[in-house]
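K.L.:
2 protein chains.
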Amino acid sequence: MTAPTDHTDALAPARTKARTLISVDAMGGDKGPAAVVAGCSLSARINPDIAFVLHGDSEQLTPLIAKYAELQGRCDVRHAADVVTMDDKPSQVVRTGKDTSMWSAIESVRTGDAAVAVSCGNTGALMALSMIRLRKLPGVNRPAIAVLYPAATAQGFNVMLDVGADIKADADDLMRFALMGVSYARNGMDIAKPRVGLLNVGTEEHKGRAELKEAYDLIRDHASDAGYAFVGFVEGGDISGDTADVIVTDGFTGNVAIKTGEGTASLIGARLREAFSYSILSRISSVLAYRSLMRLQQKIDPRRVNGGVFLGLNGTVVKSHGSADATGISAAIKLAAQLSANQFNDKLAARVAAALPAEGAAE
Amino acid sequence: MTAPTDHTDALAPARTKARTLISVDAMGGDKGPAAVVAGCSLSARINPDIAFVLHGDSEQLTPLIAKYAELQGRCDVRHAADVVTMDDKPSQVVRTGKDTSMWSAIESVRTGDAAVAVSCGNTGALMALSMIRLRKLPGVNRPAIAVLYPAATAQGFNVMLDVGADIKADADDLMRFALMGVSYARNGMDIAKPRVGLLNVGTEEHKGRAELKEAYDLIRDHASDAGYAFVGFVEGGDISGDTADVIVTDGFTGNVAIKTGEGTASLIGARLREAFSYSILSRISSVLAYRSLMRLQQKIDPRRVNGGVFLGLNGTVVKSHGSADATGISAAIKLAAQLSANQFNDKLAARVAAALPAEGAAE
Numbered sequence: 001m002t003a004p005t006d007h008t009d010a011l012a013p014a015r016t017k018a019r020t021l022i023s024v025d026a027m028g029g030d031k032g033p034a035a036v037v038a039g040c041s042l043s044a045r046i047n048p049d050i051a052f053v054l055h056g057d058s059e060q061l062t063p064l065i066a067k068y069a070e071l072q073g074r075c076d077v078r079h080a081a082d083v084v085t086m087d088d089k090p091s092q093v094v095r096t097g098k099d100t101s102m103w104s105a106i107e108s109v110r111t112g113d114a115a116v117a118v119s120c121g122n123t124g125a126l127m128a129l130s131m132i133r134l135r136k137l138p139g140v141n142r143p144a145i146a147v148l149y150p151a152a153t154a155q156g157f158n159v160m161l162d163v164g165a166d167i168k169a170d171a172d173d174l175m176r177f178a179l180m181g182v183s184y185a186r187n188g189m190d191i192a193k194p195r196v197g198l199l200n201v202g203t204e205e206h207k208g209r210a211e212l213k214e215a216y217d218l219i220r221d222h223a224s225d226a227g228y229a230f231v232g233f234v235e236g237g238d239i240s241g242d243t244a245d246v247i248v249t250d251g252f253t254g255n256v257a258i259k260t261g262e263g264t265a266s267l268i269g270a271r272l273r274e275a276f277s278y279s280i281l282s283r284i285s286s287v288l289a290y291r292s293l294m295r296l297q298q299k300i301d302p303r304r305v306n307g308g309v310f311l312g313l314n315g316t317v318v319k320s321h322g323s324a325d326a327t328g329i330s331a332a333i334k335l336a337a338q339l340s341a342n343q344f345n346d347k348l349a350a351r352v353a354a355a356l357p358a359e360g361a362a363e
Numbered sequence: 364m365t366a367p368t369d370h371t372d373a374l375a376p377a378r379t380k381a382r383t384l385i386s387v388d389a390m391g392g393d394k395g396p397a398a399v400v401a402g403c404s405l406s407a408r409i410n411p412d413i414a415f416v417l418h419g420d421s422e423q424l425t426p427l428i429a430k431y432a433e434l435q436g437r438c439d440v441r442h443a444a445d446v447v448t449m450d451d452k453p454s455q456v457v458r459t460g461k462d463t464s465m466w467s468a469i470e471s472v473r474t475g476d477a478a479v480a481v482s483c484g485n486t487g488a489l490m491a492l493s494m495i496r497l498r499k500l501p502g503v504n505r506p507a508i509a510v511l512y513p514a515a516t517a518q519g520f521n522v523m524l525d526v527g528a529d530i531k532a533d534a535d536d537l538m539r540f541a542l543m544g545v546s547y548a549r550n551g552m553d554i555a556k557p558r559v560g561l562l563n564v565g566t567e568e569h570k571g572r573a574e575l576k577e578a579y580d581l582i583r584d585h586a587s588d589a590g591y592a593f594v595g596f597v598e599g600g601d602i603s604g605d606t607a608d609v610i611v612t613d614g615f616t617g618n619v620a621i622k623t624g625e626g627t628a629s630l631i632g633a634r635l636r637e638a639f640s641y642s643i644l645s646r647i648s649s650v651l652a653y654r655s656l657m658r659l660q661q662k663i664d665p666r667r668v669n670g671g672v673f674l675g676l677n678g679t680v681v682k683s684h685g686s687a688d689a690t691g692i693s694a695a696i697k698l699a700a701q702l703s704a705n706q707f708n709d710k711l712a713a714r715v716a717a718a719l720p721a722e723g724a725a726e
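Residue numbers (my numbering), protein chains in the order written: chain P, 1 to 363; chain Y, 364 to 726.
1. Determine the chain P residues that contact Y/Lys-682 at a beta-carbon separation under 7 Å, and present them in chain order.
2. Is it true that the CB of P/Ile-22 sits closer than 8 Å to the CB of P/Ile-329?
3. Do we get a CB-CB distance below 8 Å when we pair P/Thr-2 with the residues of chain Y?
4. Quick check: what's the CA-CA separation for P/Ser-104 versus P/Ala-226?
5. Does DSSP classify Y/Arg-505 as helix, strand or coil?
6. Helix, strand or coil for P/Asp-238? Go by DSSP, reduced to three states.
7. Name the one or two DSSP bridge partners that Y/Val-387 has.
8. With 8 Å as the threshold, decide whether the Cβ of Y/Glu-625 is near any Cβ in chain P.
9. Smallest Cα separation from Y/Ala-586: which of Y/Ala-620, Y/Gly-599, Y/Asp-601, Y/Gly-544?
10. Can you find a CB in chain P that lies within less than 8 Å of the CB of Y/Ala-712?
11. Quick check: the Cα distance between Y/Thr-616 and Y/Ile-602, rounded to an integer number of angstroms?
12. Could you tell me which chain Y residues have their CB closer than 8 Å to the CB of P/Ala-151, listed as they occur along the chain?
13. Using only the alpha-carbon positions, how far apart do Y/Ile-554 and Y/Ser-546 sit?
14. May I ask you to verify whether the region 122-137 of chain P touches the region 337-344 of chain P, counting CB pairs closer than 8 Å and requiring at least 3?
15. According to DSSP, P/Gly-315 sits in a beta bridge with which residue or residues?
16. So what's Y/Ala-444 in DSSP terms, helix, strand or just coil?
17. Give the interface partners of Y/Phe-615 over in chain P, defined as CB-CB distance under 9 Å, in chain order.
18. Leaving out five residues on either side along the sequence, give the residues of the same chain with a beta carbon under 8 Å from the beta carbon of Y/Ala-397.
19. Give the DSSP bridge partners of Y/Asn-521, in chain order.
20. Shorter than 8 Å from the beta carbon of P/Ile-329 to some beta carbon of chain Y?
21. In chain P, what lies closer than 9 Å to Y/Lys-576 by C-beta?
22. If you draw a straight line from the C-alpha of Y/Met-523 to the C-alpha of Y/Glu-625, how long is it?
23. Are the beta-carbon atoms belonging to Y/Leu-561 and Y/Val-597 less than 8 Å from one another?
24. On a CA-only basis, which of P/Gln-155, P/Met-175, P/Asp-166 is nearest P/Gly-188? Give me that one, please.
25. So if DSSP puts P/Val-75 in a beta bridge, which residue, or which two residues, is it bridged to?
26. Express the C-alpha separation of Y/Glu-433 and P/Asn-200 in angstroms, rounding to a whole number.
27. Among P/Val-109, P/Arg-176, P/Gly-32, which residue has its Cα nearest to the Cα of P/Val-248?
28. Which same chain residues end up closer than 6 Å to Y/Glu-574 when comparing Cβ atoms and leaving out the 5 residues on each side of it in sequence?
29. Hey, quick one: how far does the beta strand (DSSP E) through Y/Leu-500 stretch, first residue to last?
30. Per the contact definition of three or more C-beta pairs closer than 8 Å, is the region 709-720 of chain Y in contact with the region 408-422 of chain Y?
31. Could you tell me which residues DSSP pairs with Y/Asn-562 in its beta bridges?
32. Does the beta-carbon of P/Met-86 have 16 or more other beta-carbons within 10 angstroms, so that it is buried, or is it exposed?
33. List the residues that DSSP assigns as beta-bridge partners of Y/Gly-671.
34. How many Å lie between Y/Ala-725 and Y/Gly-502 at the Cα?
35. With DSSP collapsed to three states, give me the class of Y/Ile-610.
36. Would P/Ala-215 pass as a contact of P/Leu-174 if the rule is Cβ separation under 8 Å?
This is the structure:
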């Protein structure tokens, strides 16, 4: 339905004009290829504009795909004999992983067949392979993983990055994270002018580590050119609040924060189930409350905001949870399709290059 | 009921033999002295073995105390004309805060009148005043703030430290945090052999920052002597899990983690209320579920695990939330009374000194 533009991409094959092609690593998740194929079928049912190239053992995949009417004619299989396991070391996968489904899935993005790859495999290996095969965008020193975190904002979640691509980040890196997060919020979540906050232990300007004070100034100075609002330092409580749409932090802190939040949510869920099974009266009330509780679960369900995204590379890679089921995979594919349709990575590349000409030249 | 020991303390006044005296800053909280006095009365009702010295404006405090029968004869007032506000800078309070209720509350610990002080005032100022007036224990380079975090453990929560006394910690500091956290878990929570975990972004030994790998070895090597079990690296999800009883981290990461957890819990609570007010059926079910929900709230209520404790000083200071109400204050006082009754700080001092003779001598 979109009007044709002057911007054409000579490398993209003709088929992507009709449908957005998503490259999917079918083998990496804890729940195996059946869950991945089921997730693809969920997405295919909802979104007629996408098609898939599935990477993995064709003998396993072909019968799984045959089960779903909506996948017929929209699902190519690219055979890969090997699988990256959760225990494989990233350095080893980079050296010897050529025959894995993960490698093959990234390869489809590198060659331009697909704009976005989706995998629920080993995060470290996926990041390492993405870095080596797709390479960093000009102007980016450290790529980042961005997640959507449930929040009190209008859109229901915030973007947080980095949550674990690397364990550190200097002031320049944090500044680039802000630019990348803003591009993501704009193209993945339709927020025209995202609010950016820099994670710290207090909101006063004099608090926190030296690199954070430096990053504060850099992020503030780029706000006007890059079209975002800088709200200054934010605290852990603001990650789920309505203070900012984009939370910028280093990968160590971000990783601890999301895992703490997930753990806390899971503890509360367990306690809620205990509370409702305590007595006959509470069990009756839980039956009556069933729909309310399901609505709650949908709002805070981590599977629905599941897509961690690798930013700062020549191509986009969406990381789904290792334990993702069909719903989780489908959410990751939906995100991949939206980013792909918005030509997100081209815009991000242009933004980072424009904001940082000096560093860009040094790459 | 305890047998007399050879260890006597010449500085402790005779009155503490009968009742444990708690020093309370009555003025610092957001809810004013009325909430603090109400919290003292709640504690006094439950625990006949405690008495109070309340610091603050005697004209305000005397009529408030007069309201509660259980506080009569158990509550001395020490007049202090000034109050530390939430906006006061710690450095300024240290220079000019002699007439504040916070200073006066810490002074009662410094002179040995009370073993533990409780305040819900400005954290930065409380930490700075505690450091300057009580001074660090021999062998401690960085004091720490420890909190109780709701968790899936038998006792219902874990100890996490540091959550913001300082923004950094080297390997030696993290090692001391482990020892201090173990003493706290043993004396404040009755865990004979606490399990200690070191917070990181992965549980593999090769992951994370250099100082964490060094701290890993130090904490492992002291486990046997200090009577704890070292479970190795833990992740953010383990803070609320059942992997460890004591979570060791630097003050920056710990502060972000607890605020992220609190924010997430608060978001879930808000969504739960929305879910139950959505339709007539869900409103009826919420009435039936009332007791179940109250039971849940009691288990995860931050007010009940409210007492952050400053560890590593010559005397113990319990920091309650600024927004604590009577229930929150009462929980902080209960913790203070237990630590005081167990002569916690003497044991902690002995433990740190025994484990680190070399560093202790350098202090």
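Positions of the beta carbon are idealized from the N, C-alpha and C atoms, including for glycine. Note that the coordinates shown come from a computational prediction; the quantities given were computed from them, not determined experimentally.
P.N.:
Quick look at the numbers:
1. Along the second sequence, one-based indexing puts residue 682 of chain Y at 319. Within chain P, no residue comes near Y/Lys-682; the closest Cβ sits about 15 Å away, beyond 7 Å.
2. Your numbering for residue 329 of chain P matches position 329 in the first sequence. Your numbering for residue 22 of chain P matches position 22 in the first sequence. No, these two residues do not count as a Cβ contact at 8 Å.
3. The residue labelled residue 2 of chain P in the question sits at position 2 within the first sequence. The pLDDT assigned to P/Thr-2 is 42, lower than 50, so where the model puts this residue is not dependable, and the model offers no usable value.
4. On the first sequence, residue 104 of chain P is found 104 positions in, with the first residue counted as 1. On the first sequence, residue 226 of chain P is found 226 positions in, with the first residue counted as 1. Computed Cα separation, rounded: 35 Å.
5. Numbered from its first residue, the second sequence carries residue 505 of chain Y at position 142. Three-state result, Y/Arg-505: coil.
6. For this step, residue 238 of chain P is matched to residue 238 along the first sequence. Helix, per DSSP.
7. Residue mapping note: residue 387 of chain Y aligns to position 24 of the second sequence, counting from 1. Y/Leu-417, Y/Val-481, per the DSSP bridge assignment.
8. For the purposes of this step, residue 625 of chain Y is identified with residue 262 of the second sequence, where counting begins at 1. By this cut-off, Y/Glu-625 is an interface position.
9. The sequence position of residue 586 of chain Y within the second sequence is 223, counting from 1. Checked all of Y/Ala-620, Y/Gly-599, Y/Asp-601, Y/Gly-544; the closest Cα to Y/Ala-586 is Y/Gly-544.
10. Here residue 712 of chain Y refers to the residue found at position 349 when the second sequence is read from its first residue. It does not: the Cβ of Y/Ala-712 has no partner Cβ on chain P nearer than 8 Å.
11. As a first step, residue 616 of chain Y is located in the second sequence; it is residue number 253 there, counting from the start. As a first step, residue 602 of chain Y is located in the second sequence; it is residue number 239 there, counting from the start. Looking at the backbone, the Cα of Y/Thr-616 and that of Y/Ile-602 are separated by about 12 Å.
12. Translated into the one-based positions of the first sequence, residue 151 of chain P becomes position 151. The answer, in chain order, is Leu-630.
13. By 1-based counting over the second sequence, the position of residue 554 of chain Y is 191. By 1-based counting over the second sequence, the position of residue 546 of chain Y is 183. Cα-Cα distance, rounded: 9 Å.
14. No, because fewer than three Cβ pairs between the region 122-137 of chain P and the region 337-344 of chain P fall closer than 8 Å, the two stretches do not touch.
15. Stepping through the first sequence from its first residue, residue 315 of chain P is reached at position 315. Per DSSP, none; premise fails for P/Gly-315.
16. Locating residue 444 of chain Y in the second sequence gives position 81, where the first residue counts as 1. If DSSP states are grouped into helix, strand and coil, Y/Ala-444 belongs with coil.
17. The sequence position of residue 615 of chain Y within the second sequence is 252, counting from 1. Per Cβ cutoff of 9 Å: Asn-200, Val-201, Gly-208, Arg-209, Thr-253.
18. As a position in the second sequence, residue 397 of chain Y is number 34, starting the count at 1. Leu-427.
19. As a first step, residue 521 of chain Y is located in the second sequence; it is residue number 158 there, counting from the start. Partner(s): Y/Tyr-512.
20. Looking up residue 329 of chain P in the first sequence gives position 329. By this cut-off, P/Ile-329 is not an interface position.
21. Here the question's residue 576 of chain Y lines up with position 213 in the second sequence. Correct list: empty, because the minimum Cβ distance to chain P is about 12 Å.
22. What you label residue 523 of chain Y is simply residue 160 of the second sequence in a count that begins at 1. What you label residue 625 of chain Y is simply residue 262 of the second sequence in a count that begins at 1. Whole-angstrom Cα-Cα distance: 14 Å.
23. Start at 1 with the first residue of the second sequence, and residue 561 of chain Y comes out as number 198. Start at 1 with the first residue of the second sequence, and residue 597 of chain Y comes out as number 234. Their beta carbons are under 8 Å apart, which means Y/Leu-561 touches Y/Val-597 by this criterion.
24. Here the question's residue 188 of chain P lines up with position 188 in the first sequence. When each option's Cα is compared against that of P/Gly-188, the closest is P/Gln-155.
25. Residue mapping note: residue 75 of chain P aligns to position 75 of the first sequence, counting from 1. In the sequence as displayed, the identity of residue 75 of chain P is Cys instead of Val. Beta bridge pairing from DSSP links P/Cys-75 with P/Phe-52.
26. To locate residue 200 of chain P, count along the first sequence from 1; it is residue 200. To locate residue 433 of chain Y, count along the second sequence from 1; it is residue 70. Answer to the nearest angstrom: the Cα atoms are 43 Å apart.
27. By one-based count along the first sequence, residue 248 of chain P stands at place 248. Answer by Cα proximity: P/Arg-176.
28. As a working mapping, residue 574 of chain Y is identified with position 211 in the second sequence. Taken in chain order, the residues that qualify are Asp-533, Ala-534.
29. The sequence position of residue 500 of chain Y within the second sequence is 137, counting from 1. No beta strand (DSSP E) holds Y/Leu-500; DSSP gives it neither H nor E.
30. No: the two stretches stay apart, fewer than three of their Cβ pairs being nearer than 8 Å.
31. As a working note, residue 562 of chain Y is residue 199 in the second sequence. Looking at the sequence provided, one finds Leu at residue 562 of chain Y rather than Asn. Beta-bridge pairing links Y/Leu-562 to Y/Val-597.
32. What you label residue 86 of chain P is simply residue 86 of the first sequence in a count that begins at 1. In this structure P/Met-86 is exposed. Its beta-carbon is surrounded by fewer than 16 other beta-carbon atoms within 10 angstroms.
33. Within the second sequence, numbered from 1, the residue matching residue 671 of chain Y stands at position 308. BP columns for Y/Gly-671 point to Y/Lys-682.
34. Along the second sequence, read from residue 1 onward, the residue named residue 725 of chain Y stands at position 362. Along the second sequence, read from residue 1 onward, the residue named residue 502 of chain Y stands at position 139. Any reading at Y/Ala-725 is ruled out, since the residue's pLDDT is 36, under 50, leaving its predicted position unreliable.
35. By one-based count along the second sequence, residue 610 of chain Y stands at place 247. In the structure shown, Y/Ile-610 falls within a strand segment according to DSSP collapsed to helix, strand and coil.
36. The residue labelled residue 215 of chain P in the question sits at position 215 within the first sequence. The residue labelled residue 174 of chain P in the question sits at position 174 within the first sequence. The Cβ atoms of P/Ala-215 and P/Leu-174 sit closer than 8 Å to each other.
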